[in-house]
Every structure is written in C-alpha cells, then in structure tokens.
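Worksheet for the structure shown next.
2 protein chains.
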Amino acid sequence: MEENKRKKYQKDKDRLSTKLGYLQRVLKDYGVPVMIVFEGVHASGKGRISNELLISLDPRYTRFYATHTPTEIELRKPFLWQYFVNTPSSSEIYIYYRSWYSLYIAMKNNTVKNERYPENRILLEEIRSFEKTMMDDGSELIKFYVEIDEDKQKKHIRKMYDNPRTMWKAQEYDRDNDDDYRKEMEAIIENDQKSWIKVTYADRYETVNEVLEVIIEKLEKRAEAEKKKSEAKKEGNDGFFDGKFPNILKKHEGDFDISKEEYREQIDRLQKEMRDIQYMLYEKKIPLVLVYEGWDAAGKGGNIKRVIQQLDPTGYEINTTAAPTDLEFKHHYLWRFWREVPKTGHISIYDRSWYGRLMVERVEGFASNKDVKRAYKEIRDFETSLTNFGGIVIKFFIHISKEEQLERFEARQEDENKVWKITDEDWRNREKWNKYEEAINDMISETSTEDASWYVINGNSKRYARLKALQIIIDTCNQKFLDK
Amino acid sequence: MEENKRKKYQKDKDRLSTKLGYLQRVLKDYGVPVMIVFEGVHASGKGRISNELLISLDPRYTRFYATHTPTEIELRKPFLWQYFVNTPSSSEIYIYYRSWYSLYIAMKNNTVKNERYPENRILLEEIRSFEKTMMDDGSELIKFYVEIDEDKQKKHIRKMYDNPRTMWKAQEYDRDNDDDYRKEMEAIIENDQKSWIKVTYADRYETVNEVLEVIIEKLEKRAEAEKKKSEAKKEGNDGFFDGKFPNILKKHEGDFDISKEEYREQIDRLQKEMRDIQYMLYEKKIPLVLVYEGWDAAGKGGNIKRVIQQLDPTGYEINTTAAPTDLEFKHHYLWRFWREVPKTGHISIYDRSWYGRLMVERVEGFASNKDVKRAYKEIRDFETSLTNFGGIVIKFFIHISKEEQLERFEARQEDENKVWKITDEDWRNREKWNKYEEAINDMISETSTEDASWYVINGNSKRYARLKALQIIIDTCNQKFLDK
C-alpha cells in the first residue's frame, strides 16, 4: 500500500479508537455489558481485527475469549457452559474469537464428541435462548462474520508456511479443512440475517476501520437509547400481588409425624441406598441437581445433612446462596449458578438457589414485574439445559405452617447454640408471609416442568421431611437409571 | 457395635459438633483461614471422616477440595497452582482430601507426567514455601495422616466388591496399588513429625470423634492466641523510610530520544519478531510473564500496546491490577495473581502486579514492616515457581523524572480525551515521590534474581522505552530458546 493511503487509514483509526474508548466509558456508566462475536473461516483476519479492537479498548474492562477445543471439564458440563460463565459484567466488553456457533458446528460434525445431544435442533434452541437471555438482561450483542476471497486466504496461509516459526500453524489449517464450517455458517446467517454483520476482509487497515465504524454506530445508538431510558420514569411493581392464586401449598399441610424408632430404621436404609445412588450416578456420568427451597427455619440445612451423611465427599458439593457479591450482582442473576453446575457424575446441592429471583427479589421489589415474568422462562430454559445434557433436576419446597415457624424461631432464640441462626431479617420476612405465599405458589406453578418438577414436602415433622426427600431422590434416580 | 456404645459416641459427636460450629464462628470473626489436610492410604476412612467433619461445619463457610488426577489445564500451570487458587479466604475452612503431598508423590513416581521438574527436591521446596506462606499469612494448617491396619483395609475393600454398585471403585483400588504412597508418606512424616497428626482408623464412630477433638483443641488454642493478639498493641510502620538506599533509578536518567523515522522502522521490525516469538513460545510450551511497573503516567499502557500490536490475541492476556475486591482482600495477596498465571505457551502481561505489595501497600501503610520483609521472599518464591515450571519472567520498571511526570499530568488534564486518565490519587501519589523512590529501590534490589531480573527503562522518551522493552523481551526469549 502506498505510504499516503496508509497514513490516512492510521489517522482514521486513531480517531475511531478515541471515539470507541469514549463510548466504552459511557456504556460502562450505563451498566451495559457488550458482547462482540467474530466468526469466519481460517486466516480470514479475525485475529488481526480483534487484536486491533483490543488495543483500542481499555484493558481494565475488556476481555478476550477464544473458543477452543473443549477441555475435559467443559465436556463434563452442559453445551453452553463455557460461554455462560464467560459473559461480561455490566462494566465489561467481551470479544469472542469464534463462539458458540463454532462449537455448535464442531458438535454437529462430531469434531467435538457429542454423545449427549441426540438432536442438533436442541443445540440451536439453547443458542437462541442464551442470546435472548443475555439481550433481555441488557447485553448489547454484535455478531460479525468475516469473509475473505479464496485467493487472499491462500496467500495468507502460504505466507505462514514460508516462515519456519509459523509453519506448524499453517499445517494445522490445512489439516482442519473448513468447508463444512463455511457452509454451516452461511446457512445460519441466511436464517437470521438481521442479527449478523458480514465483513469482507480487504486489507488490515481498511477492514479494521470498517469494523470499528460498525461497532461505534451500534454503541452510539445504544448509548442514546440508554440516555432516553434513564430520563424516562422507572417501572414500578404496581398491582403485582393480588392475592389470587390456587394455593398449592395448602394441599401439603397437616401432621405427618413419624416415630423415632421407625425414623432411625428407615433413615439408615435410605442413606445406604443414597450412597449406592451416588456411585451409580458417577458410573453412568449423570449429574444430579438438588434444589432446596422453603420457609425460614423449615429445616433445609438439616435435611441436606441427612442426604449427604453417608455419601463420598469427593462427589458432591453444597452451594449455599447468600446475597450476591458485587461481581455477581453485575452479571445476569443466573451467572453464579452456571458457575456451580455439577460436572457429569457429581451431585450439586443448592441450599436456596436461583429461585431467589422469584421469591425474595420479587417480594422486596428488586426484580420488576417484567423481570419476574421473564425469569419464569429463563429458569425453565436453564433447567432444560441441565436435563438436555442428561442431568437430573429435583426441586424441593419444604413447607411449614406459620405457627410451626413461630415455635421454631422462639426455640432458636432460647438456645445459645442456635441463637446465631436467627436474625432480624427472618422476623421481617415472616411479616411478609402472605406475599411470599403468593410468590411461592406462582413459582411452583410456572416452573414445574416434566423433567424438573417441584416437590412440596410437609416439613412440620423434620423426620417426615427427611425421609420423604431421600425417598424422592432415590426413586427419581432409579427411574432415570431404568430409562437409560 | 453394641447399641449403647453407639449411642454414647453419637452423643459425644453431637457435643463436639456444636463446639466445632462455635469455634468456626469465632475464628471466622478473627479472620483466620483454616486448612485441614487428610492424607492416608486407600479405604482408610478419609472420606468418612471428612464427610462427618463437613456435616459438623457451616456449609456457607466450608469448602471441600479433592485432589484428583490433574486436568489438562492444571498440567499447563505450575506444580502447586491448583492448591494456591484453592486456599480459604479469611472466613473459610478448607478440607483437603489428599493434598499437595499426594500430588508430589504421584509426580515423583511419574503416575502424573512430570517433564518439567527434573529434581524432586524442587517440588518439596515449593511445598515448604507454600505452607510457610499460608501460615505466615495467618492460616491455621492441620495435617492428618490416617492409618489403618491391613486386615481392616482389606475388609473395607472386600465390602465394596460385594456391592455391584461399588465394585468398580474397589477394582480401581486394586489396580492402583498404594505401597509406594505409604512408604513416601511415612518418610515425609518422619522428617517433619511435629506438623503431622497420625490417626489410626478404628471404627467410624471412634475415629471421627478423635479427629473432631484434635481439631477442636487446635482451634481453641488458636482462638485464644487471636484474642491475646487483638488485645495487644498494633504493630506500626515506625522508622521504615530512612532515606538511605542506593539509588538504582538514578542510573537510568537522562535523555534517550529517538527520531520518528528511526522509531517507525525499528518498531515494525521488532513487532514482527515479537509475533514470531509468540509462535515459538506456543510451540515450545513456554509460558511468558511480563510485569510492567512504573510511575503514574510513565507510559506502561502504551508500551504494552506496542508489544501486543502484531500478536495473535488467542495467546496473550493483559491483566490490569486495581485495588483488590472484597474476596481478593480476604486471601493472601498473591492469590489473585496465582489465578492469572499463564498456561504453557501463553503470554500474561501485568499492568501493575503483585509488586503493589512493595509499593503502594508499603507507602500507604497497608502492609506492615513485617509484611513487607516477608513479601520480598514470598515474591521471589512465587516467581521461582514460575521459572521452575519452565516459564520466563521479565519485569520492567518504567522510570520517568519527576518533571516529566508533571508535564504529562498537565497535558492529560488539558486533553478532553485523556482527562479521565488522571485522578486526584495520581496527584496524591506524586506528593509521596520520595517514599515511593525508596520503596522502588528496595524492591528492585530485593527481588532481582538470576531468573527474574528487573529492567529499569528510561521512559522520558516513550519511543525509546517501547523499543527497549520489545528488544529485551525478544532477546530474553531467544536466549531461552537456545538454552532449551
């Protein structure tokens, strides 16, 4: 390229970089996570373009994520796990060098071993749900497909061959023919033209500036929209609790006591069976997710302890869910739970869970009406991702009566070894019993699915609830083993 | 076992559990991280004991870490990486089911492929340094070795054989004969008897209570010590800056300007060489760590950009170091840097780094005199872990004169595109120039080692500094390639 032209491009790039840096700071202040995807065939310039982009952005708030052959751990987690846990927080920009689309194509063509998803359709549905979930949550998603004419591509690769230090990379490209990739990507884009930006690689200078311009245009538009939104009135939680709901919990009230002797005999037997179940899960590589929800003092912790009592500690984790940390708060509310989904063959137990979105966050108004409505589907989709992958999801709601809760609160208050367990917040939550009751009933009816049902368990008798939970886990797992 | 005896043990266990729960809360309030290690041969009851321990502890503040065959990623990181990143925060207890000792033995016996550490002695030194670092930082480390007589062990394994669901695990035990492990562990303990507690597995009830009692005794002692410490006077930073130090920076002052034309020509050549270096690092599986320190406005960010300009973005990361997050603050200060060490073949660039401990933390008094003295060795050890693993560590201090800094501050203040880069803190730091100068000189003389030298680069001319840094990286890497 002639020197003058190069200088002009350089000057343009500097101007564009400054503008992009400015927009990054603006969107960071609005709390908008930005996801920029680069797909494209080998040696099409994706690397160069994203590198220039990285240089223009503030490294404190920018991450680069390269799609790679899945690691052992990634293969032991659901399809999109690696992407879900690598999404930007509300102050970050993520650049994806190849993305979930490349992974999808590799799985479709069995370049990446795919024994868990019999139908490709399922993978595409998960991609759609993932992108929608991110965008609904406020993420700006920009997807580029970089094309290059075949002569230029060949020239790029030949140049790598000529350099002894890069030869091995060119050889890799040769082995890994990407005609299949190109065809698949073209079909994907054909079906979803609006969401893709095609860029044809001309030369390093021209193409980088073209991409910068597109990104700037998108981010400017977004910044304007955010400005308008911030000036508009905030959405409220008006009329959300109307007291009208079929009371599912009611059906699970009453006394179900069990004698100490019977309990001891049964619990011992069930715990031994549970240990066998654990070994079977491990051998069959099935991940098990156990969700425990319930009123304060319903006995969730004690129930969980009885489940794990005879288990091998190398095969389960207990995840307790407290208020989100700063970093968690800056991500989609499911992000932290994605980070904890079990590996194949492992058991993940959640003492409180993502259902906080539909209980405390709804009752306290941290989640708007819209958020809550969206969360029903998002949570169903999240659990479907787990069951699509072959996992078992069992959800318990331990239900106690309001009177029983009062008795337990008072007993805790009087026991010096338990008084730390009860806080002012527990008392405040108790005052909102009716709101919680409505939220819980809505939650149960909206998120009970065929593969991930809710089990309401009467917890007035702890002994009954413990036996019941164990029995349900054992039966569900045994049923699954038979199905396989 | 007779029913009465069992009942007695159960009662004792309940009492011990309550006490342990109490101590966990006390030590959490004092901010003491607790590490409990269980080593022992197969089927010696480690799993049962640690499971009972887990049940006694508060799951919100307890983690269980099982040593496993290293994953691909773990094999691409230094020896103790998996443990360093899995250390408890100041409110947590970690239980290690097998530990760095098992990993050491597996590497010594080549059960885990060990091509990077020619001498086992190095691995043992790293273990000693790791444990010392953790304890110096306030961690309580309790190490158990669980023994079992051979008849009982055989009985345990036979029982697993008899159950079709656990048979495969017994078969694994059979294949994986652990006589070697036993011999090694006995030698290790022989050499370090004071730090180990031997427990002989009798039966589930008795042994669990014995372990609980030992832990309680240790934690009680620690709680008392913490109580005394909190009543004693706080250690100060008195007389720490005395203005007496050989001024290394002085040697790197003066003007080293370079013409635009010469710069353009050279930078282009060096950047292309740097790209080749990256490919070589990748091919030879050598991780490269680049540390950038320097005065505010010294031009670290711009220098880094010139290094990466022509690189493949899939092979480097830029780690910017801001004030620690809550979670980082609750760990050893090196913890967050351990989390970011490069994989083999990758380049990790640090824009500011662990040296904050010796600069801002010392100057601001966040680290005590004792902390700083300890940090010199800890940092040397940390970098040695990286070079032991075959990594290259290059550290730059970009030095500008006080006058040059003032000019740059003022220029930033006047440029609307750069004004966000300058904060009140920068001005405050400038007022402490002399203290920083002393801290930096001490840091450079205390942490320059043969394998991880400091390079002070005159940064008054940005062009000079950029060329110089690139040249040093290229020369150092090429030298390493020759050595290999």
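Chains as they are written, first to last, in the numbering used here: chain A, 1 to 484; chain B, 1 to 484. All C-beta atoms, glycine included, are put in the ideal place defined by N, C-alpha and C. Computed from a predicted structure; not experimentally measured.
Bridge partner(s) assigned by DSSP for LEU141(A): MET35(A)
Cross-strand partners of TYR288(B) (DSSP beta bridge): The residue you asked about is not Tyr; residue 288(B) is Leu in the sequence shown. For LEU288(B), the pairing in a beta bridge is given by DSSP as ILE347(B) and ILE392(B).
Inter-residue spacing [alpha-carbon to alpha-carbon] between LEU485(B) and ASP312(A): This structure cannot speak to residue 485(B), because chain B is shown only from 1 to 484.
Exposure label - ALA411(B); buried when at least 16 CB within 10 Å: exposed
Residues bridged to TYR201(A) (per DSSP): In the DSSP output, where bridge partners are listed per residue, TYR201(A) has none listed.
Extent of the continuous alpha helix (DSSP H) run through GLU410(A): 402 to 414
Neighbourhood of LEU27(B) by C-beta, 7 Å cutoff - its chain only, sequence neighbours within 5 removed: VAL34, LEU219, ARG222 and ALA223
Closer than 7 Å to chain B by CB, GLU364(A): Chain B places no beta carbon closer than 7 Å to that of GLU364(A), leaving this residue out of the contacts.
For LYS468(A), three-class secondary structure by DSSP: helix
Cβ-based contacts, 7 Å cut-off: residues of the stretch 59 to 92 of chain B near chain A: PRO59, ARG60, PHE64, ALA66, THR71, GLU72 and ILE73
Chain B within 7 Å of SER50(A), Cβ atoms only: yes
Min CB distance LEU470(B) to chain A below 7 Å: no
Three-state secondary structure (DSSP) of TYR316(B): strand
Contact set for GLY356(B): own chain, Cβ-Cβ below 7 Å, skip 5 residues either direction: THR321
Where the alpha helix (DSSP H) through ASN51(B) begins and ends: 46 to 56
DSSP bridge partner residues for THR62(A) (one or two, in chain order): ILE93(A)
Presumed contact (8 Å Cβ cut-off) between THR200(B) and GLU147(B), rounded CB distance: 5 Å
Below-7 Å beta-carbon distance, LEU54(A) vs any chain B residue: yes
Boundaries of the alpha helix (DSSP H) in which TYR161(A) is found, first to last residue: 150 to 162
Rounded C-alpha distance that separates ARG306(A) from ILE347(A): 14 Å
Three-state secondary structure (DSSP) of HIS399(A): Judged by DSSP in its simplified three-state form, HIS399(A) adopts strand.
DSSP three-state assignment for TYR263(A), whether helix, strand or coil: DSSP places TYR263(A) in helix when its eight states are reduced to three.
Nearest-angstrom Cα separation, counted from TYR61(A) out to LEU470(B): 25 Å
Cβ-Cβ separation, HIS399(B) to ILE318(B) (assumed contact under 8 Å), whole Å: Not really, about 21 Å apart at Cβ, beyond 8 Å.
Between the CA atoms of ALA375(B) and GLU293(B) - distance to the nearest angstrom: 17 Å
Under 7 Å between C-beta atoms of GLU273(B) and ILE474(B): yes
For GLU147(A), three-class secondary structure by DSSP: strand
Where TRP420(A) meets chain B, residues with beta-carbon distance less than 7 Å: Listed along chain B are ARG25, each with a C-beta nearer than 7 Å to that of TRP420(A).
Helix, strand or coil at GLU213(A) according to DSSP, with G and I counted as helix: helix
Distance between GLY301(A) and VAL37(A) (C-alpha atoms, nearest Å): 43 Å
Under 7 Å between C-beta atoms of ASN429(A) and ASP326(A): no
Burial state of GLY391(B), where buried means 16 or more other Cβ atoms lie within 10 Å: buried
Rounded distance between the beta-carbons of GLN310(B) and ARG352(B), thought under 8 Å: Not a contact, Cβ separation roughly 24 Å.
Pair within 7 Å by beta-carbon distance, TRP485(B) and LEU75(B): Residue 485(B) cannot be examined here, being either before or after the span of chain B that is shown, 1 to 484.
Distance between SER50(B) and ASP176(B) (C-alpha atoms, nearest Å): Within the model, the alpha-carbon separation for ASP176(B) versus SER50(B) is close to 22 Å.
Own chain, CB closer than 7 Å to LYS462(B), minus 5 neighbours either side, in chain order: GLY299 and GLY302
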